[in-house]
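In full-length UniProt numbering, the protein residues as written are 1 to 264.
Shown next, in structure tokens, is the structure this report addresses.
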């Protein structure tokens, strides 16, 4: 039998307490951004395929801020917002017996959602934020995959680039590594017989759409769109992808004909 190392246990408990205190500070910071009616934050224990059978904890902004837990409601009139956060911490640790704050996930809506990155928590899988400031690229990759996957089948290659098929044509969605942006691209035509004519046609197309642009690369013509991810807005991605697909369908056949190429 292995002897219990009480010093290690004490050190672990001390570190866990420190993490909870840090999370309490971050949560207090976030709830002070909740100023508009309809702002909400839901804390829960998320996992792939569903949620544990634990009560969710929701901060909701109406005329005042309310904390709702399992049918019980507390509001900021008694002790202010700091007291609500302290109460939430007690419930999470003592009643729900959640051992570490990093096990929590969250959902947020309303203008406050753009600040939820301060919490340092993952989004509840499948929830999809209104706005998000992902902590790192891996988090953004997961959000992008969830967002696209909710609308259509999506693939992911070994380079973490995503792809969808539209009317027999592949469209690539790439989270750029060094800038806060997502690139959507497709080869609209290939094998052009005249690069000069291709440049002329691309120039005409580029004056027709404020969101999409076309460019010539060798004998290929690519269609591209860029989406800012600071913050990341799922609806922005899905809307841009829809516009991108519509533009591809509307222009590719005529473009290929005019440049003497083929549809990719």
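For glycine and all other residues, C-beta sits at the position ideal for the given N, C-alpha and C.
Is it buried or exposed, residue i, if we count other Cβ atoms within 10 angstroms and call 16 or more buried?
| i | result |
| --- | --- |
| residue 123 | buried |
| residue 235 | exposed |
| residue 246 | exposed |
| residue 1 | In this prediction, residue 1 scores a pLDDT of 42, lower than 50, which makes its location untrustworthy; the coordinate-derived value is nonetheless stated afterwards. Residue 1 comes out exposed. |
| residue 252 | buried |
| residue 313 | Residue 313 is absent from the model: the chain starts at 1 and stops at 264. |
| residue 107 | buried |
| residue 179 | exposed |
| residue 134 | buried |
| residue 70 | exposed |
| residue 227 | buried |
| residue 261 | buried |
| residue 101 | buried |
| residue 50 | The predicted position of residue 50 is uncertain, since its pLDDT is 43 and thus under 50; no value can be drawn from it. |
| residue 27 | buried |
| residue 188 | buried |
| residue 186 | buried |
| residue 204 | exposed |
| residue 150 | exposed |
| residue 88 | buried |
Nearest to residue i by CA position, among the options, is which residue?
| i | options | result |
| --- | --- | --- |
| residue 192 | 167, 19, 220 | 220 |
| residue 61 | 81, 70, 136 | 81 |
| residue 267 | 31, 206, 249 | The chain is shown from 1 up to 264; residue 267 falls before or after that span and cannot be answered. |
| residue 248 | 94, 172, 108 | 172 |
| residue 40 | 254, 103, 111 | 111 |
| residue 256 | 178, 190, 174 | 190 |
| residue 241 | 230, 205, 184, 222 | 184 |
| residue 86 | 23, 144, 15 | 23 |
| residue 250 | 149, 231, 208, 230 | 208 |
| residue 35 | 26, 56, 66, 57 | 66 |
| residue 263 | 218, 199, 170 | 170 |
| residue 33 | 148, 59, 175, 21 | 59 |
| residue 21 | 42, 93, 56 | 93 |
| residue 176 | 229, 148, 157 | 229 |
When the Cα atoms are used, what is the spatial distance from residue i to residue j?
| i | j | result |
| --- | --- | --- |
| residue 68 | residue 83 | 14 Å |
| residue 140 | residue 117 | 12 Å |
| residue 259 | residue 195 | 8 Å |
| residue 265 | residue 215 | A query on residue 265 cannot be resolved here, the shown segment of the chain reaching from 1 to 264 and no further. |
| residue 37 | residue 95 | 29 Å |
| residue 161 | residue 233 | 18 Å |
| residue 74 | residue 152 | 41 Å |
| residue 238 | residue 155 | 16 Å |
| residue 99 | residue 243 | 45 Å |
| residue 213 | residue 197 | 17 Å |
| residue 287 | residue 44 | Here the chain has residues from 1 to 264 only, and residue 287 is not among them. |
| residue 167 | residue 109 | 34 Å |
| residue 270 | residue 210 | The first residue shown for the chain is 1 and the last is 264, placing residue 270 beyond what the model contains. |
| residue 17 | residue 119 | 16 Å |
| residue 202 | residue 225 | 14 Å |
| residue 15 | residue 137 | 27 Å |
| residue 104 | residue 231 | 21 Å |
| residue 144 | residue 159 | 14 Å |
| residue 63 | residue 29 | 19 Å |
| residue 218 | residue 254 | 19 Å |
| residue 121 | residue 223 | 36 Å |
| residue 182 | residue 90 | 40 Å |
| residue 199 | residue 56 | 56 Å |
| residue 206 | residue 174 | 21 Å |
| residue 42 | residue 148 | 23 Å |
Looking at the unbroken beta strand (DSSP E) that takes in residue i, where does it start and where does it end?
| i | result |
| --- | --- |
| residue 87 | Counting along the chain, residue 87 falls outside any beta strand (DSSP E), though it belongs to the alpha helix (DSSP H) covering 80-90. |
| residue 273 | With the chain covering 1 to 264 only, the question about residue 273 has no answer from this structure. |
| residue 113 | Element bounds for residue 113: n/a, residue is neither H nor E. |
| residue 66 | 65-69 |
| residue 94 | First-last for residue 94: undefined, no H or E at that position. |
| residue 60 | 57-61 |
| residue 74 | 72-75 |
- Task: Tell me the start and end of each unbroken beta strand (DSSP E) in the UniProt domain "TY-Chap central" (140-263) that is at least 3 residues and wholly inside, in chain order.
- Result: Qualifying beta strand (DSSP E) stretches, in chain order: 162-166, 169-175, 181-189, 213-217, 220-228.
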